[in-house]
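Right, one structure below, let's go through it.
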Amino acid sequence: MKTIGVIGGMSWESSAEYYRLLNRYAKAKLGGHHNARSLMMTVDFAEIEALQRAGEWDRMGNLMAEAARQLQRGGADLVLLATNTMHRGYASVEQALAIPFLHIVDPTARALQAAGVRRVGLLATRYTMEQSFYIGRLRDRYGIEAVVPTDTSRADVHRIIYDELCHGEINDASRKRYQEIIAELAADGAQAVILGCTEITLLIKPDDSSLPVFDTTALHAEAAVNWAIEQP
Numbered sequence: 541m542k543t544i545g546v547i548g549g550m551s552w553e554s555s556a557e558y559y560r561l562l563n564r565y566a567k568a569k570l571g572g573h574h575n576a577r578s579l580m581m582t583v584d585f586a587e588i589e590a591l592q593r594a595g596e597w598d599r600m601g602n603l604m605a606e607a608a609r610q611l612q613r614g615g616a617d618l619v620l621l622a623t624n625t626m627h628r629g630y631a632s633v634e635q636a637l638a639i640p641f642l643h644i645v646d647p648t649a650r651a652l653q654a655a656g657v658r659r660v661g662l663l664a665t666r667y668t669m670e671q672s673f674y675i676g677r678l679r680d681r682y683g684i685e686a687v688v689p690t691d692t693s694r695a696d697v698h699r700i701i702y703d704e705l706c707h708g709e710i711n712d713a714s715r716k717r718y719q720e721i722i723a724e725l726a727a728d729g730a731q732a733v734i735l736g737c738t739e740i741t742l743l744i745k746p747d748d749s750s751l752p753v754f755d756t757t758a759l760h761a762e763a764a765v766n767w768a769i770e771q772p
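Numbering (this note's numbering), first residue to last: 541 to 772.
This is the structure we're talking about:
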C-alpha cells in the first residue's frame, strides 16, 4: 500500500475525521488489522484564517506548497489537501510536487456523475461558494452546475463553519438552519447537495438532509485509499 500525505489543520477537527476515514476505508478494503499508510502535515489554522480574511491567496498557496513538499520529503506517494477552500491554491501545490495530488472536486464530481446529478446545491465557506475555483471545475471538467444559497443563507453557512464547527461545536439550531437552506436549494432545482466544507460532515449526516448528500471529506478519503491500494 502506498503512503498518503495529508495537509491538515484547516481545521484540525476535520483533519481528525480524515484520519478516521482513511483508516476505516483501508480496514474495510483489506480486512484484519490493516490501517492506511499515511503522513499528516498540520498547519496553524490561525495564520491561514487571517490570510483568508485578508485575501492573501498567493501567500496561502505558497504555504500549502511548502507543506506538500514536506510530505513528499517524508515519503508520501500521494498528497491530499484536507480542506475545500484551500483548493483555491491547488495549482501551487501541484507545481511543487513530483508525486500525484488528488483534487477534492474530482472524486466528488465522479460520484455525482455516477448518480446522474447534473444540478447540485453547494454548502461551503463563502470563499468556495462565491469564487470560481470550485464551481468552475465542476462545470468545466464535469458538466455539473452548482447552485448556491442566497446571500443571507451563505452568510449563515459560513458563520456556522468558522464560529462553531471549526471549534468542534455541534448545535441543533445550526443543523436546523442548514436543513432550511438545503430545502431552499431543492426549491432552486438542486438534485443533491455537496457538503463542500470538510467540517460540515460533523453537523449534517445523510438522514439530516432532504436531498441526497455528497460528502467531500468521505469521498476524498475513499478515493485516496483506493489509489494507495491499487498502485503497484
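Heads up, the beta-carbon is just placed ideally off N, CA and C, and yes, glycines get one too.
Taking the C-beta atoms as reference points, L562 is found nearer than 8 angstroms to A576. Per DSSP, V546 lies in no alpha helix (DSSP H) segment; the continuous beta strand (DSSP E) that holds it begins and ends at I544 to G548. Taking the C-beta atoms as reference points, T668 is found no nearer than 8 angstroms to G601.
Around the beta carbon of P689, 16 or more other beta carbons sit within 10 angstroms, so the residue counts as buried.
Taking C-beta atoms under 8 angstroms as the contact rule, I547 and L611 qualify, at a distance of about 7 angstroms. Shown here, D617 sits in coil according to DSSP, grouped into three states, outside any helix or strand.
The DSSP-derived three-state label of I701 is helix. For R659, DSSP records a beta bridge to E685. Each of G683, R564 and M550 was checked against the Cα of V657, and the nearest Cα belongs to G683. Note that the C-beta distance between E553 and C706 is below 8 angstroms. Contact between the segment 663-681 and the segment 613-627 is established, with three or more Cβ pairs separated by less than 8 angstroms.
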